[in-house]
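Residue numbering for the sequence shown follows the working numbering, starting at 148 and increasing by one per position. We put the CB at the ideal spot given by N, CA and C, even for glycine. What follows is a set of notes on a single structure, which appears directly below.
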Amino acid sequence: MMDMGLLIIRVVVGLLFVGHGAQKLFGLFGGYGPKGTGGWMESVGIRPGVVMAVFAGVLELLGGALFTTGLFTVAAGVMIVVTMAGAIVKVHLPNGLWSTANGYEYPLVLAAVAIGVALTGAGAYSLDALLF
148 MMDMGLLIIR
158 VVVGLLFVGH
168 GAQKLFGLFG
178 GYGPKGTGGW
188 MESVGIRPGV
198 VMAVFAGVLE
208 LLGGALFTTG
218 LFTVAAGVMI
228 VVTMAGAIVK
238 VHLPNGLWST
248 ANGYEYPLVL
258 AAVAIGVALT
268 GAGAYSLDAL
278 LF
């Protein structure tokens, strides 16, 4: 049962990160692509905006794909934590904890999930288990 639980967590969280990366990189799922995301990033003090949008998008897309499949799960967790740490520090921290005030509650939960799975392992239903 634990392995099934880890699979559900990995697939849901991982695919959400893939989606966020696709928003930043390709403008999919209502995203704004590198230029639009980069412009927003510049507006909140993240420079150079387009470069950082691509960097964040790659981390989210690749980290999410690896997390979903359970391949190189520790590296995937690090990629997710890096993006969430950036979101917390540069966007959400001044608003306090609660997500109702655009606080850092949600990115903190996602980072905790990524750390927890990375420390626990991806489980039996993962490419890590199959390959290593």
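For Ser273, does the three-state DSSP call read helix, strand or coil?
Position 126 of the sequence shown, counted from the start, is the residue given in the question as residue 273. Ser273 falls in the coil class under three-state DSSP.
Quick one: residues in its chain with C-beta nearer than 6 angstroms to the C-beta of Gly174, no 5 flanking neighbours on either side, listed in chain order?
Here residue 174 corresponds to residue number 27 of the sequence shown, with the count starting at 1. Correct list, in chain order: Gly180.
Out of Trp187, Glu207, Thr267, Ala271, state which residue places its alpha-carbon closest to the alpha-carbon of Val221.
Counting from one through the sequence shown, the residue named residue 221 turns up at place 74. Among Trp187, Glu207, Thr267, Ala271, the Cα nearest to that of Val221 belongs to Thr267.
For Met231 and Met149, what's the separation of their Cα atoms in angstroms?
For the purposes of this step, residue 231 is taken as the residue at position 84 of the sequence shown. For the purposes of this step, residue 149 is taken as the residue at position 2 of the sequence shown. The alpha-carbon atoms of Met231 and Met149 are separated by roughly 25 angstroms.
Take the Cβ of Leu244 as the centre, count every other Cβ of all protein chains shown within 10 Å, and call the residue buried at 16 or more, exposed below.
Residue numbering aside, residue 244 sits at position 97 when the sequence shown is read from its first letter. Per the 10 Å Cβ criterion, exposed.
Assigned secondary structure, Phe176 (DSSP; H/G/I helix, E/B strand, else coil)
The residue labelled residue 176 in the question sits at position 29 within the sequence shown. In the displayed model, Phe176 falls within coil according to three-state DSSP, outside both helix and strand.
Just confirm the distance between the C-beta atoms of Leu209 and Val229, as a whole number of angstroms; I'd bet it's less than 8 angstroms.
For this step, residue 209 is matched to residue 62 along the sequence shown. For this step, residue 229 is matched to residue 82 along the sequence shown. Leu209 to Val229, Cβ: 11 angstroms. No contact.
Taking the alpha helix (DSSP H) that Leu218 falls in, what are its first and last residues?
Looking up residue 218 in the sequence shown gives position 71. Note, Leu218: premise wrong, no alpha helix (DSSP H); not H, not E.
Let me make sure I understand the geometry here. Which of Leu154, Gly270, Val238, Thr184 has the alpha-carbon closest to that of His167?
Residue mapping note: residue 167 aligns to position 20 of the sequence shown, counting from 1. Among Leu154, Gly270, Val238, Thr184, the Cα nearest to that of His167 belongs to Thr184.
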